[in-house]
């Protein structure tokens, strides 16, 4: 056997090992949980309470719930892939200052929730959270589904299945497959990826009004993906691009956009 053939076979073997490791460890590359279970009050949220949801397969899902002021909507919030509930305390506080309620669910393996996150589990648990919020006395016409980054794929799946007042997507992606393929062009991501979060397959099923928020300088999820999700969505829809915004948007500008959009839903 020639040296050239040996080198080719050796390189193929190494590549095969890399692909296998990436396949087996793909969820470690997708989910970055903070597993710490922290009481809302210790995160500075005294008006927020913890809720514990029981899944049909025996797991425990932790959620934080701050009630809306009378006549205001509640954001059923699905967060991004890193951290957990506590690092989003300031965002919860800002939204509640507007009078909006917030019901933020943590994924399995995050913030004291048991089990391990996956697309199947996250979508199923989102439906569980929706049903729990309705059981709290919040009518579907007062529920606005909110997805942040990874959570936009979860939010779209839920809004496609349940009656809601509207849906807000902060830094949405076309699919996790597209994100992965761009990040790892040397790997067969489109074949191997298990948790695909194919938003473009489901967005047309959403009939509720849509607001898309995206930072023009987002280097995690390109703003072009937000534009594409908005293009494929049904009317009524609104796309707001923040010229100086990066990945997920905080501060007065996005809140102002949300305030105006929520006001339009209420005929204000």
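Numbering (this note's numbering), first residue to last: 42 to 309. From the three backbone atoms N, C-alpha and C, an ideal C-beta is built for every residue, glycine too.
- Look at the beta carbons and you see the region 276 to 295 not touching the region 222 to 242: under three pairs across the two are nearer than 8 angstroms.
- For the 8 angstroms CB-CB criterion, residue 188 and residue 210 form a contact.
- The alpha-carbon separation between residue 200 and residue 208 amounts to approximately 7 angstroms.
- In the three-state reduction of the DSSP assignment, residue 204 falls in the coil class.
- Residue 255 is bridged by DSSP to 282.
- Here the C-alpha atom of residue 145 lies approximately 23 angstroms from the C-alpha atom of residue 215.
- By DSSP's assignment, residue 91 forms a beta bridge with 105.
- When the beta-carbon positions are compared, residue 212 and residue 289 come within less than 8 angstroms of each other.
- The region 174 to 190 makes contact with the region 114 to 131, as at least three CB pairs between them are under 8 angstroms.
- A residue is called buried once 16 or more other Cβ atoms fall within 10 Å of its Cβ, and residue 227, having fewer, is exposed.
- Taking 3 residues as the shortest admissible run, the region 120 to 187 contains the following complete beta strand (DSSP E) segments, listed from N- to C-terminal end: 142 to 146.
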